[in-house]
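Chains as they are written, first to last, in the working numbering: chain H, 44 to 478; chain Z, 8 to 150.
Quick reminder that beta carbons are idealized off the backbone N, C-alpha and C, glycines included.
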């Protein structure tokens, strides 16, 4: 039977959710106007005042915030509370540019942890579970978010952080962890290491995994579910809006319920900024509804997805977002064709390879080179050159079919593709060096 | 009437062969025979060791992609035409050879040939009819 952490909120009638949102939005906008000069200036430039925002129907009038705004505002320009009222800072990794820091009051932390608790309960978590958290702890929101959520549910929490995989597995065996929280690529890595250590899914007690913080495909989900003997649930969030738990999957596993009592979602055309109707594919935009320290109005996530209010069999009424299909900024244009790393990954998993791959794009003369390095698995390994060459050609053919352009596929040894134990490096675009 | 061979995927980078041999050496595994097929980007190392299952296990633990392949070990006369005779028999039986490599036997006057073919039973039958001896792992190691 489906369980909920806060059933009265998670299964509230849609009219009630709308009423909460209207009320909260008005006061959130007022709070920002009064306390954040940076955003007040943006509103004034557009000629909007808090009085113009009476309900969610007025949302489109507000200006967007972008990642660039957050970087320009670093560190304090978007802070809406005195620092003395804040209790926590979290930060993005800063790999794509300057860091973004987010601030939290105690209430902000509590609401964030509640969101994570909803995700854990939706994945079947109860106070009787042993929850192994191997997201990184520290400035990264993954570890602290799921850790707090696990406490709220009352699970026995193993604050492992990432890395030292053999020790992770030893704890998993000895303490009989039932729920695993980490990035999906790390879940794959744990599966591989488990096998290398001579164990299988029969030896562990995991029943569910909550995986997020990077893109992953349905094929990767099936791969993880089979290897670890679990159900794998998606979780979504970003440091800017609090961290993981903005949305999460339920038993139906067909999209993630957005915690609409805290976040208002829109889909826009990434080129024009125009709001698109429900069901359209476009860029996801979030407006926080009750954040104290770091409220964000109309923040452009750059994630491309679809929203759906179709009735869900789990009983939750909150709107669902699809798994992000790519980012408006990680799309590559190779030889004039749009390529998302997720497409490459889907082909690999369908053909029986692991999701350990790297795309290298470069330019020779005026032509783009497109190389895909793939770690060879035992299932796909053959001991004659003829068969291996055939496998490379089959992979390249399947990718050509998917993308319309032909990559050069290279088989490489397992674990030879650089991976951090957090996020994997999927794309190396050397063309930028020449520009 | 066949033996287990261990095949290992290796990238074409310096030190790869040394590393895989070191793993086998550390585990006290001696090589009876080896051959390498290579392309511009990768190679396939094929080895005959006394304990193929054990070798597979330690190589897997070392992070290598490897597998066991059933191959034929054939005794040939160590004289001009010894190998040609075996291949002629196979050719007449319309059996094609995926790959082959040979090494000297401990027994004077003989050599061994390792063959990978698609149908082992049919091949053994053709060889036996021509009085060519195929070897089990035990005799391959001692002879």
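- Around residue 220/H, the same chain offers 173, 174, 175, 201, 214, 247, 248 and 249 as residues with beta carbons nearer than 8 Å, after the five sequence neighbours per side are excluded.
- Counting only the Cα atoms, residue 21/Z lies some 45 Å from residue 348/H.
- When the Cα atoms are used, residue 113/Z and residue 140/Z turn out to be separated by approximately 16 Å.
- When rounded, the separation of the alpha-carbon atoms in residue 226/H and residue 152/H is 21 Å.
- Per DSSP, the unbroken alpha helix (DSSP H) holding residue 159/H starts and ends at 149-165.
- By DSSP's assignment, residue 250/H forms no beta bridge with any residue.
- Around the Cβ of residue 396/H, a 10 Å sphere holds 16 or more other Cβ atoms; the residue is buried.
- Residue-level contact check: residue 411/H does not touch chain Z, since none of the beta carbons of chain Z fall below 9 Å from its beta carbon.
- If you check the CB distance, residue 78/Z and residue 23/Z do not come in under 9 Å.
- When 7 Å is used as the limit between beta carbons, residue 16/Z is near these residues of chain H: 419, 424 and 456, in chain order.
- Under the three-pair Cβ rule at 8 Å, the region 313-327 of chain H does not count as touching the region 47-62 of chain H.
- Here the alpha carbon of residue 290/H sits roughly 7 Å from the alpha carbon of residue 280/H.
- In this chain, the beta strand (DSSP E) harbouring residue 40/Z covers 40-45.
- Between residue 45/H and the set 416/H, 384/H, 159/H and 168/H, the nearest pair of CA atoms involves 168/H.
- Counting along the chain, the unbroken beta strand (DSSP E) around residue 306/H starts and ends at 306-311.
- When the beta-carbon positions are compared, residue 253/H and residue 233/H stay at least 9 Å from each other.
- Boundaries around residue 50/H are those of the alpha helix (DSSP H), 50-53, since no beta strand (DSSP E) includes it.
- 105 and 106: these are the residues of the region 91-107 of chain Z whose beta carbon lies less than 7 Å from some beta carbon of chain H, given in chain order.
- Taking 8 Å as the Cβ-Cβ cut-off, the region 47-78 of chain Z approaches chain H at 48, 49, 51, 53, 67, 68, 70, 71, 72, 73, 74 and 76, given in chain order.
- Within the region 395-406 of chain H, not one residue has a Cβ closer than 9 Å to any Cβ of chain Z.
- With distances taken between CA atoms, residue 15/Z lies nearest to 41/Z out of 41/Z, 118/Z and 36/Z.
- DSSP, reduced to helix, strand and coil, places residue 28/Z within a helical segment of the structure shown.
- Straight through space, the alpha carbons of residue 456/H and residue 47/H are spaced by roughly 44 Å.
- Put simply, the region 423-439 of chain H does not touch the region 359-373 of chain H. Fewer than three CB pairs are less than 8 Å apart.
- About 5 Å separates the CB atoms of residue 304/H and residue 52/H; that is less than 8 Å, so the two are in contact.
- Within chain Z, 67, 68 and 70 have C-beta atoms less than 8 Å from the C-beta of residue 239/H, given in sequence order.
- In this model, residue 33/Z and residue 26/Z are separated by some 11 Å (Cα to Cα).
- Here the C-alpha atom of residue 130/H lies approximately 11 Å from the C-alpha atom of residue 145/H.
- At a cut-off of 9 Å between beta carbons, residue 432/H contacts chain Z.
- Using a Cβ-Cβ cut-off of 9 Å, residue 231/H does not count as an interface residue toward chain Z, since no Cβ of chain Z sits closer than that to its own.
- Taking a beta-carbon distance threshold of 9 Å, residue 459/H counts as an interface residue toward chain Z.
- Listed along chain Z, the residues sitting closer than 8 Å to residue 427/H by beta-carbon distance are 44, 51, 105, 106 and 123.
- It is roughly 25 Å from the alpha-carbon of residue 106/Z to the alpha-carbon of residue 65/Z.
- Linking residue 231/H to residue 382/H through their CA atoms gives a straight-line distance of about 24 Å.
- Taking the CA atoms as reference points, residue 434/H sits about 16 Å from residue 73/Z.
- In this structure, residue 413/H sits away from residue 376/H, with a CB-CB distance that is not shorter than 9 Å.
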